[in-house]
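Novice: So the protein lines, in turn, are chains A and B.
For the first sequence, the working numbering assigns the number 251 to the last residue and increments by one with no breaks.
For the second sequence, the working numbering assigns the number 634 to the last residue and increments by one with no breaks.
This is the structure I have questions about; it appears just below.
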Amino acid sequence: MPELPPADRAAVDTTVELLARARAGDEGARDRLVERCLPPLRRWAHGRLPAFVRDLHDTADVVQDTVIAALGRLPSIEAHREGALQAYLRQALANRITDIIRYRRRRPDATDVPEDLHARDASPLEQAIGVENIRRYDAALGRLSDEDRQAIVARLELHYSYDDLAVALGKPTANAARVAVLRAMKRLAEAMRVPGAK
Amino acid sequence: MADALEEVLVQIADGRSVDWARAEALVRDPADLALLAELQVIAHLSDTHRTAVDDAAAAVPPAAVEGRSTLSMSRAGTSWGKYRLLGHVGEGAFGDVYRAHDAHLHRDLAIKLLQVRGVSRDELPARLLREAKDLARVRHTNVVTVYGVEDHAGQVGLCMEFIQGQTLDARARAEGPLSADEAMVVGRAVCRGLSAIHQAGLLHRDVKAKNVMREWGGRIVLMDLGAGLDTSDAGRVARARAAGTPLCMAPEVLLDGRSSVASDVYSTGVLLYFLVTGRYPIEGESADALRRRHAEGRRVPLGERRPDLPDAFVRVVEKALARDPEERYGTANELLAALADGPAAARPASLWEQAPSVSGLVLSVGTALIVLGAINTRYFDMTLGRADFANEGPADWLRFGLLSCVAPLVVLGLGISVVSLAVALRHLAVSAWEPARRADTVLRDLLHRLQLDTVPACSGLALVLSGATLALAWWSSLPLLQSLLSIFPDDVSTAPAARLAFLGPAHSAAAEDYRLWFAVSTFVCLAVWVPVVRLAGRRRERVNRFVAAGGAVIFALSLALLDFPYRLLVQNALEVATWQGQECFVLGERASNVLLFCPTVPPPRNRTVSIASPDLQRRGMSGALFNRIAEAK
Numbered sequence: 054m055p056e057l058p059p060a061d062r063a064a065v066d067t068t069v070e071l072l073a074r075a076r077a078g079d080e081g082a083r084d085r086l087v088e089r090c091l092p093p094l095r096r097w098a099h100g101r102l103p104a105f106v107r108d109l110h111d112t113a114d115v116v117q118d119t120v121i122a123a124l125g126r127l128p129s130i131e132a133h134r135e136g137a138l139q140a141y142l143r144q145a146l147a148n149r150i151t152d153i154i155r156y157r158r159r160r161p162d163a164t165d166v167p168e169d170l171h172a173r174d175a176s177p178l179e180q181a182i183g184v185e186n187i188r189r190y191d192a193a194l195g196r197l198s199d200e201d202r203q204a205i206v207a208r209l210e211l212h213y214s215y216d217d218l219a220v221a222l223g224k225p226t227a228n229a230a231r232v233a234v235l236r237a238m239k240r241l242a243e244a245m246r247v248p249g250a251k
Numbered sequence: 002m003a004d005a006l007e008e009v010l011v012q013i014a015d016g017r018s019v020d021w022a023r024a025e026a027l028v029r030d031p032a033d034l035a036l037l038a039e040l041q042v043i044a045h046l047s048d049t050h051r052t053a054v055d056d057a058a059a060a061v062p063p064a065a066v067e068g069r070s071t072l073s074m075s076r077a078g079t080s081w082g083k084y085r086l087l088g089h090v091g092e093g094a095f096g097d098v099y100r101a102h103d104a105h106l107h108r109d110l111a112i113k114l115l116q117v118r119g120v121s122r123d124e125l126p127a128r129l130l131r132e133a134k135d136l137a138r139v140r141h142t143n144v145v146t147v148y149g150v151e152d153h154a155g156q157v158g159l160c161m162e163f164i165q166g167q168t169l170d171a172r173a174r175a176e177g178p179l180s181a182d183e184a185m186v187v188g189r190a191v192c193r194g195l196s197a198i199h200q201a202g203l204l205h206r207d208v209k210a211k212n213v214m215r216e217w218g219g220r221i222v223l224m225d226l227g228a229g230l231d232t233s234d235a236g237r238v239a240r241a242r243a244a245g246t247p248l249c250m251a252p253e254v255l256l257d258g259r260s261s262v263a264s265d266v267y268s269t270g271v272l273l274y275f276l277v278t279g280r281y282p283i284e285g286e287s288a289d290a291l292r293r294r295h296a297e298g299r300r301v302p303l304g305e306r307r308p309d310l311p312d313a314f315v316r317v318v319e320k321a322l323a324r325d326p327e328e329r330y331g332t333a334n335e336l337l338a339a340l341a342d343g344p345a346a347a348r349p350a351s352l353w354e355q356a357p358s359v360s361g362l363v364l365s366v367g368t369a370l371i372v373l374g375a376i377n378t379r380y381f382d383m384t385l386g387r388a389d390f391a392n393e394g395p396a397d398w399l400r401f402g403l404l405s406c407v408a409p410l411v412v413l414g415l416g417i418s419v420v421s422l423a424v425a426l427r428h429l430a431v432s433a434w435e436p437a438r439r440a441d442t443v444l445r446d447l448l449h450r451l452q453l454d455t456v457p458a459c460s461g462l463a464l465v466l467s468g469a470t471l472a473l474a475w476w477s478s479l480p481l482l483q484s485l486l487s488i489f490p491d492d493v494s495t496a497p498a499a500r501l502a503f504l505g506p507a508h509s510a511a512a513e514d515y516r517l518w519f520a521v522s523t524f525v526c527l528a529v530w531v532p533v534v535r536l537a538g539r540r541r542e543r544v545n546r547f548v549a550a551g552g553a554v555i556f557a558l559s560l561a562l563l564d565f566p567y568r569l570l571v572q573n574a575l576e577v578a579t580w581q582g583q584e585c586f587v588l589g590e591r592a593s594n595v596l597l598f599c600p601t602v603p604p605p606r607n608r609t610v611s612i613a614s615p616d617l618q619r620r621g622m623s624g625a626l627f628n629r630i631a632e633a634k
């Protein structure tokens, strides 16, 4: 995964610094933050956007617009680690995708219904695991602690390496990050099994 | 949580494939089965995101791929016939491969479009058609499925199943060499596919890591039969030139182009070698250099590059790579069988698995008991000062070894029962009672936050617990322990009576406590270290060697303190005799003399007396050695 954030601790520390500087109004820092956050989110969005949405909205544009808009609300972002920032942006992107899909379904094209409408209506992720499972997954993810949610998003959705994850989650070692992922996964599965459980 | 679930968690987190059927077979608890179902959803979700990652990466053309034409690269994003070409995903023999979408059948597929380089245009369709026909003859889960050949706008393409995954070459380069276990799983799948190809009367001729895909679900698929050869066409076989990749070619193919089942087996050996080392058995800058090195036999043995690999696996690969085709496995099925035999030898075997058979197990246990018996008997003899008169043999050692284990085994059984009951109750409570589940979650959170669920933390804790238990046992048995240790360097014959007092009947309860404490200490060592070792195994981590050495020392000390004084404290009944009116015990016989221990006489209490002495009267009954020790002077 060549575009994953670098494992280099100094580089990721800079991500947090960039966030602080961007909060203080440094435009250059904000641009560099956008550049750094985009690649993994773009790949993530690829799995969540249905084909019929991708026809009208380029995935990269959707991601970029969302990230820039989210970073525009910088003063309200509580993120002291890269993992928290990525989880925040991922949620913003998920909301944006939901909005786009709702909008598209309310206003169908004035053209003939395509033959492959059913397949085009579902995102790759929905095709793979089903709408209901995604709902349960998202609901359970929302009930996890911030740290668990960040671990799940970064490792299972954005596919961070354990080294990168250690830095993103503020863990001392890659192994500690791995253990955090295992724990979070177990809690996620338990939360999915018992809907509504905290 | 069941071990199988833990294993599945680790596999998903590490991005490895999960054998769901096996996991389901191993998990019995309904609550765990429900968790397993959720984990399957999570795994699919993770895989789908990963696929998206690679799709995105595949859409970006690699910087330099040798021989790729700009014409073919430019096709991505255009249409070919009814298919929309979504992206260039790789190169096969004689053609570029695209991911495409069939709008009519609503499915993605792979299309290999012929390249023009180095082959006459007239020859291309015939060649592709032949590959399609060849592949169509093979129906196997480990061989890519061919849908058909089509011709659009003057360009011929082979339509195939689209495999969502990555080549083994990409995987090995991204994640480093595989373990022997992983390589064997891949090797077996490749052999199955290759065997199906051979049974269809074909040769693959280009088995290599770049031609084997691993689907995200874990299926291994043999691709690209473009260099394949129909063995039923004798004329074509005779005319066939060497095909494939020189680094993976068998020596006979490199030297005179003789492809055969054996050369495919050789290439599979090269594939296995590459998977576990990232290198090739014979490397060179040119085909000529490779031929020369093959002729000189300059192959680097697998064991030299990976000395840590199991011998069984190394032997299988080395045989597949034999220079003489006759010495290799005769068929892919034979190689498959050899690899199927491998896991037990290749996996770090547990002690139980290492036991060759029931008789081997009995022999091992018997030997251990004899050693234990010999140790406590030797200690007994030294303490009594009767080393020269002792006449007990292996049968006695076995008996005393066995007897010395009874009490610890009872403690072990009770301990295991208590621990199992506690685990079962916790499991039941967590499954059925919401407050318990919450408490469990809080506890686990706490452990996690304190980083107490890591291997270093658990092993450190195990060391502290086992050490503390040993210290407690030591402290609780201190008077008796001091008494035992203070007998040396004397023996019971000359030791002051005060030192022997703790061996007397007044202190029998202390002896029982002593045994109990050190049995508990030994059990605690096992109870805390076994889970740590299993945790480390599951997480593929190692326990710090100093911590492990400390644990081993504590276990050995507990066992030694439990076993050494066994006979002195428990099995000390000897024949009673009267000598000069004093009650004595027969410690042993040698030639015409007996060694007596007379506890009530002044030191030395041991006396060597002639068997024929009129002062000696043997009573033909046994008595506990230290019953009258209180009267010792």
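Just so you know, even glycine gets a beta-carbon here, dropped at the ideal spot from N, CA and C.
(1) Could you tell me which of B:Leu597, B:Pro605, B:Ser623 and B:Gly624 sits nearest to isoleucine 612 of chain B, measuring between CA atoms?
(2) Among residues of its own chain, excluding the 5 on either side of serine 18 of chain B, which ones have a beta-carbon nearer than 6 Å to its beta-carbon?
(3) Under 7 Å Cβ-Cβ, which residues of chain B neighbour arginine 246 of chain A?
(4) Where does the unbroken alpha helix (DSSP H) through valine 11 of chain B begin, and where does it stop?
(5) Distance check for proline 409 of chain B and leucine 218 of chain A, CA to CA, integer angstroms please.
(6) Going along the chain, which residues of its own chain have a beta-carbon closer than 8 Å to the beta-carbon of aspartate 191 of chain A, five neighbours each way excluded?
(7) Output the boundary residues of the alpha helix (DSSP H) element that contains isoleucine 187 of chain A.
(8) Going by other Cβ atoms of all chains shown within 10 Å of its Cβ, with 16 needed for buried, is asparagine 607 of chain B buried or exposed?
(9) Just mark aspartate 564 of chain B as buried or exposed, buried being the case when its beta carbon has 16 or more other beta carbons within 10 Å.
(10) I'd like the ranges of any alpha helix (DSSP H) spanning at least 4 consecutive residues and lying wholly in the stretch 453-536 of chain B.
(11) Bridge partners for asparagine 148 of chain A per DSSP, in chain order?
(12) Compile a chain-ordered list of the residues in the stretch 84-102 of chain A whose CB is closer than 9 Å to at least one CB of chain B.
(13) Using the C-alpha atoms, what's the distance from arginine 231 of chain A back to valine 9 of chain B?
(14) Does the beta carbon of alanine 207 of chain A sit closer than 7 Å to a beta carbon anywhere in chain B?
(15) For my contact list, leucine 91 of chain A and valine 116 of chain A are in at a C-beta cut-off of 8 Å; report their separation, rounded to the angstrom.
(16) By the three-class DSSP mapping on this structure, what secondary structure does alanine 60 of chain B have?
(17) Distance check for isoleucine 187 of chain A and leucine 179 of chain B, CA to CA, integer angstroms please.
(18) Quick check for students: name the residue ranges of the beta strand (DSSP E) that lie wholly in the stretch 199-245 of chain A, counting only runs of 3 or more.
(19) Considering only DSSP beta bridges, list what alanine 574 of chain B is partnered with.
(20) Just checking: is the beta-carbon of threonine 168 of chain B within a distance shorter than 7 Å of some beta-carbon in chain A?
(21) Which class does glutamate 393 of chain B belong to by DSSP, given the choice of helix, strand or coil?
(22) The beta strand (DSSP E) with glutamate 151 of chain B in it runs from where to where?
(23) Could you have a look at arginine 74 of chain A and say whether DSSP puts it in helix, strand or coil?
(24) If contacts are defined as beta-carbon pairs under 8 Å, then aspartate 454 of chain B and leucine 448 of chain B qualify, I think. What distance do you get, rounded to the angstrom?
(25) What does threonine 455 of chain B reach in chain A if we use C-beta pairs closer than 8 Å?
(26) Is leucine 10 of chain B close to chain A, meaning its C-beta is less than 7 Å from at least one C-beta of that chain?
(27) Reducing DSSP to helix, strand and coil, say where methionine 214 of chain B ends up.
(28) Where DSSP assigns a beta bridge to histidine 102 of chain B, which residues make up the other side?
(29) Out of B:Asp225, B:Asp15, B:Glu39 and B:Leu322, point me to the one whose CA is closest to leucine 114 of chain B's CA.
(30) Does the beta carbon of histidine 50 of chain B sit closer than 7 Å to a beta carbon anywhere in chain A?
(31) When you compare the CB of glutamate 80 of chain A with every CB in chain B, is at least one pair closer than 7 Å?
(32) Which residue marks the beginning of the beta strand (DSSP E) containing isoleucine 221 of chain B, and which one marks its end?
(33) Compute the minimum distance between the beta carbon of serine 196 of chain B and the heavy atoms of the ligand SAM, and state whether it is under 6 Å.
(34) Could you check whether the stretch 298-316 of chain B touches the stretch 201-211 of chain B, counting it as contact only if at least three pairs of C-beta atoms, one from each stretch, sit closer than 8 Å?
(35) Here's the rule I'm using: 16 or more other beta-carbon atoms within 10 Å means buried, otherwise exposed. How should methionine 622 of chain B be labelled?
Specialist: Looking at the coordinates:
(1) Ranked by Cα distance from isoleucine 612 of chain B, the options B:Leu597, B:Pro605, B:Ser623 and B:Gly624 are led by B:Leu597.
(2) So the qualifying residues of the chain are Gly219.
(3) Identification of chain B residues near arginine 246 of chain A by a Cβ-Cβ cut-off of 7 Å yields Ala35, Leu36 and Glu39, ordered along the chain.
(4) Valine 11 of chain B -> alpha helix (DSSP H) spans 4-14.
(5) For leucine 218 of chain A and proline 409 of chain B, the distance between alpha carbons rounds to 47 Å.
(6) Close CB contacts of aspartate 191 of chain A within its chain, under the 8 Å cut and outside five residues either way in sequence, are with Ala147 (chain order).
(7) It spans 184-196 - the alpha helix (DSSP H) in which isoleucine 187 of chain A sits, taken as one unbroken run.
(8) Burial call: buried.
(9) Counting the other CB atoms within 10 Å of its CB gives aspartate 564 of chain B a total of 16 or more, which places it among the buried residues.
(10) DSSP runs (the alpha helix (DSSP H)) wholly in the stretch 453-536 of chain B: 456-477, 479-488 and 498-501.
(11) Answer is none; asparagine 148 of chain A lacks a bridge partner.
(12) Cβ contacts with chain B: Pro92, Pro93, Arg95, Arg96, Trp97, Ala98, His99, Gly100 and Arg101.
(13) Cα-Cα distance, rounded: 14 Å.
(14) Taking Cβ atoms only, chain B never reaches closer than 7 Å to alanine 207 of chain A, which makes this a no.
(15) Valine 116 of chain A and leucine 91 of chain A do touch by the CB rule: their CB atoms are close to 6 Å apart, below 8 Å.
(16) Reliability fails at alanine 60 of chain B, whose pLDDT of 33 lies under 50, so the model's placement of it is uncertain and no value is given.
(17) For leucine 179 of chain B and isoleucine 187 of chain A, the distance between alpha carbons rounds to 33 Å.
(18) DSSP runs (the beta strand (DSSP E)) wholly in the stretch 199-245 of chain A: none.
(19) The partner list for alanine 574 of chain B (beta bridge, DSSP) reads B:Ala625.
(20) No, threonine 168 of chain B lies away from the interface with chain A (no Cβ there is under 7 Å from its Cβ).
(21) Glutamate 393 of chain B: coil per DSSP, three-state reduction.
(22) Unbroken beta strand (DSSP E) run through glutamate 151 of chain B: 147-153.
(23) In the displayed model, arginine 74 of chain A falls within a helix according to three-state DSSP.
(24) So it is a contact: roughly 5 Å between Cβ atoms.
(25) Those are Asn228, Ala229 and Val232, listed as they occur along chain A.
(26) Closer than 7 Å to some Cβ of chain A, the Cβ of leucine 10 of chain B qualifies, so yes.
(27) Assigned with DSSP and collapsed to three states, methionine 214 of chain B falls in strand.
(28) According to DSSP, histidine 102 of chain B bridges with B:Arg85 and B:Asp109.
(29) The option with the nearest alpha carbon to leucine 114 of chain B is B:Asp225.
(30) At least one chain A Cβ lies under 7 Å of histidine 50 of chain B.
(31) Among the residues facing chain B, glutamate 80 of chain A is not included, as its CB has no counterpart in that chain under 7 Å away.
(32) From DSSP, the beta strand (DSSP E) with isoleucine 221 of chain B extends over 221-223.
(33) This structure lacks the ligand SAM, and indeed carries no ligand of any kind.
(34) Pairwise C-beta distances place the stretch 298-316 of chain B out of contact with the stretch 201-211 of chain B, as fewer than three of them are shorter than 8 Å.
(35) Classification for methionine 622 of chain B: exposed.
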